[in-house]
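Under my numbering, the first residue of the sequence shown is numbered 25, with each subsequent residue one higher.
For every residue, glycine included, the Cβ atom is placed at its ideal position computed from N, Cα and C.
Let me begin by presenting the structure, written as structure tokens, before commenting on it.
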Amino acid sequence: MEALGTNLITPLRTCQLLRIKSLPSSVTSFDFESGMKRAHCGSNSITFRRLCPFLLAITILSSFIFWSRPASTPCNIDAAFAAAAEQNRSLDILAFSSALNQLSFSVRPPPRLLKIALFVKRWPQRNRAGGLERHALTLHLALARRGHEVHVFTTKSNATLGDSAAAASALIFHPTDPSPAGFLNQALAWEQFRIHNATGRPFEVIHSESVGVLHGRARGLRNLAASWHGIAYETIHSDVVQDLLRGSSEPRSPIVAERLSKVIEEVKFFPRYAHHVATSDHVGDVLKRVYMIPEGRVHIIVNGVDESVFGPDPKSGVEFKAKVGVPSGAKLVIGIAGRLVKDKGHPLMFEALKKAFEEEETFRKGDVFVLVAGDGPWGDRYRELGRSVIVVGPLEQSELAKFYNSLDVYMNPTLRAQGLDHTFIEAMISGVAAAGTRFASITGSLIVGPEVGYTFLPTVESLTACLFRIAADGKEVLARKGEAARNRALRLHTATKMSLAYERLFLCIAKRAPAVKDDDDYCEYPLPWD
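Right, dumping it as structure tokens:
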């Protein structure tokens, strides 16, 4: 408790200082590899009086969570498995506290095939998908290819399959007209589900991507699992960061004060879902400790990407660089991808690159090139930085794979602490070192150490220091980090690993649902065929 008290004193003093207008503020950046702290000072005339109680409440909650953590962590899970193997005993996957992607499930289709109902607010075209929609497509297409009968309940306006002919043949769609607000019409979708569930073979598993099934309908359904790609608690960190970065003339967003209420509402209704799938280790921990979901109902399955699309292909990388105008003698190629908007951190990235091109020798000589893939208002701003910054625009999936192969390092300056960004995984599985904002999901599941990449604080100073470090390390160091990043991604973040983990969890949930009889207990690991 003495340590806890010490943690609380600091924010109290900080809030007292922040009440004084025009006090110079300081932000500390931390170099992930060197461990050296540097202070960067600037003036700030914003009054933070109203933010202090909010920050104090979050600090108390975070301190409680930290000091109530158990000693076990994902790092020692291999020892637990070794002990179980030595004693010739199986494990219950519902009680498994780490990511199920760590387990080695058989790639052979299981003896039992499921009928699965998926609820997702919109269905993407394959190459034009947000994170949640891309997850739904990648996962359920893989499950259908393994022989499971997958029914997709989604909005009619977004159910066009575009170029995804594979999805058209493998999945069964039940599109409905959207609600007046453009979302999934819950009443119509649920009525379709009810009709199909009552005729013929009933659904054995219901999968809700986020709140695809609202909590009122989820209550009492023991065979339902909801995957969470972002929860309100995570966004508090993002809100604090973005509020600290706003200009003196910008008004504070009212959502900052409203967010805590949303967290409380989620804590109230989340228990109505029988099973929760966290897409990052951090979210899994928050669901158990803050949202107070029993451990046997929280399961971690980290996101994966299609390893048949993304992977090392040096030749395609060379061709892509030549195509977009990167000279063969470039010493370093940095990549940025995604929506080029403010909350993805592009104002910070722009300022950091501007400073690097002005101050760092390798950048000033024109030996460093930056490739920007995606669209949004910051695309034009990046072009202002000169010929060394090349904006290639939005890319189809096949071109995106070539883009990653052209890079020495991939950087994502996001200011959103939600979910597990697919672009990190796409880069890592392509053998590219990654650099990202020091948010818990990123450092807990992706950039877990200096051997795979870099992390930085969401400040211009810290991001600039990271760019300098990358330039100093050079291609050879980055190549070693890229190899380590790929090895980690292959162990945990492939579409195959993700889909096998979901498959076993769904089989386990179906096994324990009422009126289901099966000789195999899919909740045990390992099974004879694993």
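Inter-residue Cα distance where the pair is residue i and residue j
i    : j    : result
I325 : S412 : 39 angstroms
D543 : A194 : 28 angstroms
Y434 : H220 : 45 angstroms
A458 : G473 : 11 angstroms
P295 : I317 : 6 angstroms
K286 : G410 : 43 angstroms
I196 : V174 : 6 angstroms
V484 : K368 : 14 angstroms
G17  : G506 : Here the chain covers residues 25 to 554 and nothing more, so residue 17 does not appear.
L364 : E375 : 14 angstroms
V348 : A397 : 11 angstroms
G390 : Q266 : 32 angstroms
L269 : A256 : 20 angstroms
H253 : Q442 : 7 angstroms
I117 : F177 : 28 angstroms
A380 : S469 : 29 angstroms
T71  : E274 : Low confidence applies here, because T71 scores a pLDDT of 44, under 50, leaving its location unreliable; read the following figure in that light. C-alpha separation (whole angstroms): 13 angstroms.
L163 : V229 : 14 angstroms
R512 : E475 : 10 angstroms
F393 : E384 : 13 angstroms
P202 : D399 : 26 angstroms
G403 : K378 : 14 angstroms
P134 : N209 : 34 angstroms
F427 : G240 : 44 angstroms
V322 : A119 : 9 angstroms
H172 : E500 : 45 angstroms
A534 : F227 : 9 angstroms
S523 : S352 : 39 angstroms
Residue i and residue j closer than 9 angstroms at C-beta
i    : j    : result
S234 : S262 : no
L551 : S130 : yes
F207 : A141 : no
S422 : G308 : no
H446 : R158 : yes
V329 : A166 : no
K145 : T200 : no
L444 : S304 : yes
I360 : H370 : yes
L124 : A525 : yes
K366 : L439 : yes
F530 : L138 : yes
L424 : E450 : yes
L238 : I260 : no
S272 : A249 : no
I414 : F448 : no
G555 : N436 : Past the edges of the chain, shown from 25 to 554, lies residue 555, and the structure says nothing about it.
L311 : V350 : no
R136 : W553 : no
H306 : E382 : no
Integer Cβ distance of residue i from residue j, believed to fall under 8 angstroms
i    : j    : result
R170 : E527 : 7 angstroms
S114 : Y549 : 6 angstroms
F5   : G236 : No statement about residue 5 is possible, as the shown extent of the chain runs from 25 to 554 and does not include it.
M452 : A509 : 4 angstroms
Y315 : E289 : The pair is not a contact, with the Cβ atoms about 11 angstroms apart (cut-off 8 angstroms).
Contact test: residue i Cβ vs the ligand ATP heavy atom, cutoff 8 angstroms
i    : result
R313 : Among the ligands in the structure shown, none appear at all, so the ligand ATP cannot be discussed.
Given 8 angstroms as the limit, is there contact between the segment 467-481 and the segment 330-342, that is, 3 or more CB pairs closer than that? Counting Cβ pairs under 8 angstroms, fewer than three are found: no touch.
Could you say if the segment 262-281 and the segment 296-316 meet the contact criterion of at least three C-beta pairs nearer than 8 angstroms? Between the segment 262-281 and the segment 296-316, the count of Cβ pairs shorter than 8 angstroms is below three; the stretches do not touch.
Per the contact definition of three or more C-beta pairs closer than 8 angstroms, is the segment 488-499 in contact with the segment 462-469? Under the Cβ criterion (8 angstroms, minimum of three pairs), the segment 462-469 does not count as touching the segment 488-499.
Can you give, in chain order, each stretch of the beta strand (DSSP E) that sits fully within the segment 451-533 and has at least 3 residues? Taking only runs of at least 3 residues, the beta strand (DSSP E) segments lying wholly in the segment 451-533 are 457-461 and 477-480.
Three Cβ pairs or more, each shorter than 8 angstroms: is that satisfied between the segment 425-441 and the segment 339-350? The answer is yes - the segment 339-350 touches the segment 425-441, with three or more Cβ pairs under 8 angstroms.
Counting only runs of 4+ residues fully inside the segment 193-260, write out the alpha helix (DSSP H) ranges in chain order. Listed in chain order, they are 210-222 and 239-242.
List, from N- to C-terminal side, the alpha helix (DSSP H) runs of 4 residues or more that fit wholly inside the segment 321-391. Assignment of alpha helix (DSSP H) within the segment 321-391, counting only whole runs of 4 or more residues, yields 338-348, 370-383 and 385-388 in chain order.
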